[in-house]
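Peer 1: This is the structure I want to talk about, given as structure tokens.
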Amino acid sequence: MNKPFYITTTLPYVNAELHIGHALEFVRADAFARYKKITGHEVFFNTGTDEHGKKILETAEREGKNPKEYADLYFEKFKRTVSALDISEDVHFIRTTDAHHEHAAQAIWRLCRDRGYIYKKNYQAKYCVGCELEKTDSELDENGRCPIHPNREIELLDEENYFFAYSKIAPHLEKLYGDKPELVIPDFRFNEMKAFLSRGLTDFSISRLKSKMSWGVPVPDDDEHVMYVWFDALTNYISTLGWGSDDLSLYEKFWVNGEKIQFCGKDNTRPQSMMWQAILLAAGLPTTDHIVVNGFLNAEGGVKMSKSLGNVVTPEDVLKEYESCAGDLASDVLRYALLRHSNSFEDFSMTAENIREYYNAGLANGLGNLVSRVMKLAEDYLVQSEQQNLLAHIEKDSSFKDVMENRFDFKLAMEIVWIYISNMDESIQKEEPFKVIKQDREKGIKMIKKLVLELLHIANLIEPFMPKTSAIILDLIEQNKKPEKPLFLRI
Ligand SMILES: [Zn+2]
């Protein structure tokens, strides 16, 4: 019996403008979820929206809406983006305003409190509402502002709050980091977190006075406080499985007995691999197996994408541009650019112009052209009944399997496939099956059959990354037909 897999993205705040950098995380998680399903695992794939907190309250007020109304609109927009990225249809959406989620957040609070990890004290702190994180002076820039949110004033808080006993759980976190060197992937992020841990942990505030900030989950047994965002939001990873409800079957299957993988961007490393693991340990629940962290996708020159700089590329922009030359495969064009031409773990830059180059080189001239050439030969010279067994097994490709399963390096996995593609191009050029078939039919047929099988292997390998393209190629092979027009017209 194959192990079940639990795979999740982080939940974007509902006031975030989703650019292709955010799409990267969803597409990576989706590619891994699809890969696991294809290789015979049962998968629970989670995403959703983080809907509480001051930032959302502020944005809603600015737009003259109540926060729930505002969140509802954003959630619908988020679902449309997710579907435009061709994220697996069986993905589960959790909203942190769902009643069962709020109930679970209160249940985990009680558990942590009753086990001695939550207490009340006076709170004074510098706080970035943009990050929804407390900042120490050393984390602020020369103007006393958050380097990620230089346009926001840092807030000074002074009130009575509930605190999470980070310092008390620290020895358990140290043991976790000692026992699980692959908890955070890649290594350098794991080492960053270990260094953070070794500097000592400071307890952090997990509530706000309701009178000052009402938009949150009520703290159990205290009418004056609401939970602050992280404590509430992080719980989604298990509330989505029904933890805290009467039916624990999904939680047991995927969180207790499954392998649990969380994908996130580098700005989310600390909340996912430290705070959330600490909350789980404090509640006495199993911790995550791997947190896979990607770098930032920046605009030209390594500059952050931002509305004010006018350099934002959205998923919708890309899809619109490629609909005319790739039709339904436009979502695969975006997935291709993000998965093959990203860096799996470090920061990288990508512009609309870059995507055009990647498209022409890798898809129009590369894969698309190869499909046309091979399938023309097949249609002209092969009899369909001659075709060999079309079932192929993706996991039999050991180098591909290794980079997918052990290294989570999707860029490298794609590179392997594109090496196969260029090798095939080269061998067609060199061995000229289109000439051979006219002189030695038997030899020519053998060569064409081999090409079709190699193309079949490629179609199987790209399924997690470019599901629609994969399906079209498999269909052409099955029907022994060349495409009516190129899959990817040059742009
Ligand atoms: Zn910030």
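Residue numbers for the sequence shown follow the working numbering, so the first one is 23 and each next one is one higher. Note that the Cβ used here is the ideal one computed from N, Cα and C, for glycine as well.
Counting pairs of Cβ atoms below 8 Å between the region 44-53 and the region 80-95, do you hit three or more?
Peer 2: No, the region 44-53 does not touch the region 80-95.
Peer 1: Which whole-angstrom value is the C-beta distance of Ala-127 and Asp-254, which I expect to be below 8 Å?
Peer 2: Ala-127 to Asp-254, Cβ: 5 Å. Contact.
Peer 1: Can you name the residues that DSSP bridges to Asn-163?
Peer 2: The sequence given here has Asp at residue 163, not Asn. DSSP, once it has assigned bridges, lists no residue as partnering Asp-163.
Peer 1: Could you check whether the Cβ of Gly-166 sits closer than 7 Å to any heavy atom belonging to ligand 1?
Peer 2: It does not: the Cβ of Gly-166 is nowhere closer than 7 Å to a heavy atom of ligand 1.
Peer 1: Kindly indicate which three-state DSSP category Thr-69 falls into: helix, strand or coil?
Peer 2: Reduced to three states, the DSSP call for Thr-69 is strand.
Peer 1: First and last residue of the alpha helix (DSSP H) that includes Thr-491?
Peer 2: Here the alpha helix (DSSP H) through Thr-491 covers 489-501.
Peer 1: Assuming Lys-342 is part of the alpha helix (DSSP H), what are its boundary residues?
Peer 2: Here the alpha helix (DSSP H) through Lys-342 covers 337-348.
Peer 1: Along the chain, where does the alpha helix (DSSP H) that runs through Ser-220 open and close?
Peer 2: Run containing Ser-220: 209-220, per the alpha helix (DSSP H) assignment.
Peer 1: Gly-43: beta carbon under 7 Å from a heavy atom of ligand 1?
Peer 2: Not under cutoff, so the answer is no.
Peer 1: Can you name, in chain order, every residue of its own chain whose Cβ lies under 7 Å from the Cβ of Lys-465, other than the five neighbours on each side?
Peer 2: Val-458.
Peer 1: Just checking Gly-75 against ligand 1 - is the residue's beta carbon closer than 7 Å to any of the ligand's heavy atoms?
Peer 2: The answer is no for Gly-75.
Peer 1: In angstroms, rounded to a whole number, what distance separates the CA positions of Phe-285 and Leu-270?
Peer 2: Straight-line Cα distance between these residues: approximately 24 Å.
Peer 1: Could you give the residue range of the beta strand (DSSP E) that holds Ser-229?
Peer 2: That run of the beta strand (DSSP E) goes 229-231.
Peer 1: For Tyr-149, which of Ser-110, Arg-137, Leu-162, Tyr-358 has the nearest alpha-carbon?
Peer 2: The shortest C-alpha separation from Tyr-149 is found at Leu-162.
Peer 1: For the alpha helix (DSSP H) containing Ala-106, list its first residue and its last residue.
Peer 2: Looking at the DSSP string, the run of the alpha helix (DSSP H) that includes Ala-106 is 89-106.
Peer 1: Below 8 Å, can you find three or more Cβ-Cβ pairs linking the region 95-109 to the region 133-152?
Peer 2: Too few Cβ pairs lie closer than 8 Å, so no.
Peer 1: Can Gly-152 be considered in contact with ligand 1, in the sense that its beta carbon sits closer than 7 Å to one or more heavy atoms?
Peer 2: For ligand 1, at least one heavy atom lies less than 7 Å from the Cβ of Gly-152.
Peer 1: Would you say the region 234-249 touches the region 214-223, given that touching needs at least three Cβ pairs under 8 Å?
Peer 2: Contact between the region 234-249 and the region 214-223 is absent, because fewer than three Cβ pairs lie under 8 Å.
Peer 1: Any contact of the region 373-393 with the region 351-360, i.e. 3+ C-beta pairs under 8 Å?
Peer 2: With the cut-off at 8 Å, the region 373-393 and the region 351-360 touch.
Peer 1: What is the DSSP secondary structure of Lys-142, reduced to helix, strand or coil?
Peer 2: DSSP places Lys-142 in strand when its eight states are reduced to three.
Peer 1: Would the C-beta of Ile-170 count as close to ligand 1, meaning under 7 Å from any of its heavy atoms?
Peer 2: Ile-170 Cβ: within cutoff of ligand 1.
Peer 1: When burial is assigned at 16 or more other CB atoms within 10 Å of the CB, is Phe-210 buried or exposed?
Peer 2: It counts as exposed.
Peer 1: Is the beta carbon of Pro-293 sitting closer than 8 Å to the one on Trp-252?
Peer 2: In this structure, Trp-252 lies closer than 8 Å to Pro-293 by Cβ.
Peer 1: Put Asp-180 into one of helix, strand or coil per three-state DSSP.
Peer 2: Reduced to three states, the DSSP call for Asp-180 is strand.
Peer 1: Along the chain, where does the alpha helix (DSSP H) that runs through Glu-448 open and close?
Peer 2: Element bounds for Glu-448: 432-453.
Peer 1: Alpha carbon to alpha carbon, what distance is there between Tyr-28 and Trp-277?
Peer 2: Rounded to the nearest angstrom, the two C-alpha atoms are 7 Å apart.
Peer 1: Please state whether DSSP places Ala-147 in a helix, a strand or coil.
Peer 2: Note: Ala-147 maps to strand in three-state DSSP.
Peer 1: Could I get the ranges of all uninterrupted beta strand (DSSP E) runs contained in the region 285-365, with 3 residues as the minimum, in chain order?
Peer 2: Entirely contained in the region 285-365, the beta strand (DSSP E) runs reaching 3 residues are, in chain order, 312-316.
Peer 1: With a threshold of 6 Å on Cβ separation, who are the neighbours of Ala-305 within its own chain once the five nearest residues in sequence on each side are excluded?
Peer 2: So the list reads Ile-130, Leu-133, Cys-134, once near-sequence residues are dropped.
Peer 1: Should Pro-34 be labelled buried (16 or more other beta-carbon atoms within 10 Å of its own) or exposed?
Peer 2: By the 10 Å Cβ count, Pro-34 comes out buried.
Peer 1: Starting from Val-206, follow its DSSP beta bridges and name the residues at the other end.
Peer 2: Answer is Ile-313, bridged to Val-206.
Peer 1: What are the boundary residues of the alpha helix (DSSP H) that Arg-50 is part of?
Peer 2: Residues 42-60.
Peer 1: Mind checking who Tyr-35 pairs with in its DSSP beta bridge?
Peer 2: For Tyr-35, which the question treats as bridged, DSSP gives the partners Asp-72.
Peer 1: If I measure Cβ to Cβ from Gly-166 and keep anything under 7 Å in the same chain, skipping five residues before and after, which residues do I get?
Peer 2: Here the set comprises Ile-176.
Peer 1: Which residues mark the beginning and the end of the alpha helix (DSSP H) in which Glu-156 is found?
Peer 2: Segment 155-157 is the beta strand (DSSP E) holding Glu-156; no alpha helix (DSSP H) there.
Peer 1: Candidates Lys-58, Arg-395, Thr-30: which alpha carbon is nearest Asn-599's?
Peer 2: A query on residue 599 cannot be resolved here, the shown segment of the chain reaching from 23 to 513 and no further.
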